[in-house]
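Chemist: The following block contains the structure, expressed as structure tokens.
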Amino acid sequence: MTAEQQNGVSDSRRFEFQEFGGPIAPQTYQLPAPASDEVLLKVNYCGVCHSDVHLHDGYFELGGDKRLNFAMPLPLTLGHEVIGTVVAVGDQVTGVKPGDQRLIYPWIGCGKCGACQKGEENLCVTPAHLGVNKPGGYADHIVVPHSRYLLDISGLNPGDAATLACSGLTTFSAINKVLPLADDQWIVVIGCGGLGQMALRILQAMGIGNVIGIDLSEEKRKLAQESGARHSFDPNTPKLNRVVAETCPGTVQAALDFVGNEQTAQLALSLLGKGGKYVPVGLHGGELRYPLPIITNKAVSIIGSYVGTLKELEDLVAFAKEKNLPPIHIEHRPLEGAAQAVEDLEKGQVAGRVILDAGS
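In terms of this note's numbering, the sequence shown opens at residue 583 and continues consecutively.
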């Protein structure tokens, strides 16, 4: 029996959908008791990620009227940026106790395959990712299979730190794939919403100043410069390549694409100098068509980046504490507003990140 059950709490809500594209609505479940290595947490905060929009839709756009349909089991409770307070632990759990507040690493694998054995659970082919393959944080409670996935965030603002589990981890991992940068080299951040702003904050904290932000939204371009970009541009600027070259002397060594559609891919590759690296992160979809001889002659690298490892999240949390990493633009909403938050994000009506407050 959990402490909450002892206090008369026996039910727990999950805000889930029964079919792809269907309504996100509360369902009541019996509060689970954790077994063996499991940890039960009361959800305090949960970020709303653009991946949640795609998961709710049930597919990725592949271009040419093609789709990649998802096969995860339904109903599904979204939410993978979660901070919670430990309520109960299984009899084999060490390292955490009831009352501890922790950030959850959600990108959990099978633990047995080659990727998992290398510490790359995020690349597991049979994953158990929370909020994707297993119930996530749009809920009153969440079960985590082992305490090693719980990170101590003492010293950080828990209302902001939830974003580290995906927005922060995804950008931190992508940035590390293009470092180091020389003094005359630039990095471009395409898409200055929640992920882009987080990337800009991390780059700023790393002391990297040659940063360009690109976004269709004037508001987000302003936020980009507030978040550390030295220059920001509208992607529809005529002869943008020439404008960037004249404004930013040196070469564009890296482009981080947090939109990930056909137009942004073409833009990123066109901006890169010789030896440059293009890292597509966003999942808006489409297909890449680009002349192969140019990739060869420019020695361009295209590096896919999918969230990050548990070790990288541990490093990011330590980095955030050391650098006092400033938060991105965050809007707090009650857990009951989960469905509206996903809808607003899909419509492009969220400037940074929505975090659902589920109570302490």
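Using N, Cα and C, we set each Cβ at its ideal position, and we do this for glycine too.
1) Distance check for P709 and T878, CA to CA, integer angstroms please.
2) Which one or two residues does DSSP pair with C628 in a beta bridge?
3) For I796 versus H813, is the C-beta distance shorter than 7 Å?
4) Please classify G713: does DSSP put it in a helix, a strand, or coil?
5) Measure from the alpha carbon of A933 to the alpha carbon of each residue in I757, A806, G645, S633, then state which is nearest.
6) T829 bridges to which residues according to DSSP?
7) Let's test the definition: count the other Cβ atoms within 10 Å of the Cβ of L853 and tell me whether it reaches 16, buried, or not, exposed.
8) Looking only at C-alpha atoms, which of I790, G719, D765 sits nearest to P608?
9) Judging by CA-CA distance, which residue of G930, G604, D939, D634 is the nearest neighbour of S799?
10) Consult DSSP for D639 and reduce its assignment to one of helix, strand or coil.
11) Since Q600 contacts L656 with CB under 8 Å, what's their CB separation in whole angstroms?
12) Please specify which runs of the beta strand (DSSP E), each continuous and at least 3 residues long, are wholly inside the region 718-781, giving them in chain order.
13) Please report how far the alpha carbon of R595 lies from the alpha carbon of D634, in whole angstroms.
14) Write down the C-beta distance between G666 and I724 rounded to the nearest angstrom, noting that I regard them as a contact closer than 8 Å.
15) Give me the Cβ distance between A940 and N626, rounded to the nearest whole Å; I'm assuming they're in contact under 8 Å.
16) So T878 is in the alpha helix (DSSP H); what residue range does that whole segment cover?
17) Terminal residues of the continuous beta strand (DSSP E) containing L853?
18) Starting from E598 and walking both ways along the beta strand (DSSP E), at which residues does that stretch end?
19) Per DSSP, what are the beta-bridge partners of H866 in this structure?
20) So the alpha helix (DSSP H) R812 belongs to, where does it begin and stop?
21) Buried or exposed for Y872, please, with buried defined as at least 16 other CB atoms from any protein chain shown within 10 angstroms of its CB.
22) Using 8 Å for Cβ pairs, my map puts G701 next to K893. What's the rounded Cβ distance?
23) For Q588, count neighbouring C-beta atoms within 10 Å of its own C-beta (all shown protein chains included) and say buried if the count is 16 or more, exposed if not.
24) If we define contact as Cβ-Cβ less than 7 Å, is E918 a contact residue for chain C?
25) What are the complete alpha helix (DSSP H) segments, minimum 4 residues, inside the region 666-702?
26) Exposed or buried, what is R935 when buried is set at 16 or more other beta-carbons lying within 10 Å of its beta-carbon?
27) Since I believe A756 is in contact with S545 (beta carbons under 8 Å), could you give me their beta-carbon distance rounded to a whole number of angstroms?
28) Output needed for D593: all residues of its chain with C-beta closer than 8 Å, excluding positions within five of it in sequence on either side, in chain order.
29) Just to confirm my understanding: we take E869, look at its own chain, exclude 5 residues before and 5 after, and list those with CB closer than 6 Å. What are they?
30) Just to confirm before moving on: does the CB-CB distance between G864 and Q835 stay below 7 Å?
31) Would you kindly work out how many angstroms separate the C-alpha atoms of N715 and L685, rounded to a whole number?
32) For the 8 Å Cβ check, are there 3 or more pairs between the region 823-830 and the region 729-744?
33) What does the Cβ neighbour count give for R783, buried or exposed, with the cut at 16 atoms within 10 Å?
34) Taking buried to mean at least 16 other C-beta atoms within 10 Å of its own C-beta, is L938 buried or exposed?
Modeler: Judging by the given coordinates:
1) 35 Å
2) V664, L938
3) no
4) coil
5) A806
6) Paired residue(s): none; T829 is not in a bridge.
7) buried
8) G719
9) G930
10) helix
11) 6 Å
12) 723-726, 732-734, 767-772
13) 18 Å
14) 6 Å
15) 6 Å
16) 874-880
17) Note, L853: premise wrong, no beta strand (DSSP E); alpha helix (DSSP H) at 844-853.
18) 593-599
19) Note: H866 sits in no beta bridge, so no partner.
20) Where R812 is concerned, there is no enclosing alpha helix (DSSP H), given that its DSSP letter is neither H nor E.
21) exposed
22) 6 Å
23) At Q588, the pLDDT of 46 sits below 50, so the modelled position is not reliable; the number obtained from the coordinates is stated separately. Exposed: under 16 other Cβ atoms inside 10 Å.
24) You won't find chain C in this structure, because it holds only one protein chain.
25) 696-699
26) buried
27) Nothing can be reported for residue 545, as the shown portion of the chain is limited to 583 through 942.
28) T610, Y611, Q612, L613
29) G645
30) no
31) 19 Å
32) no
33) buried
34) buried
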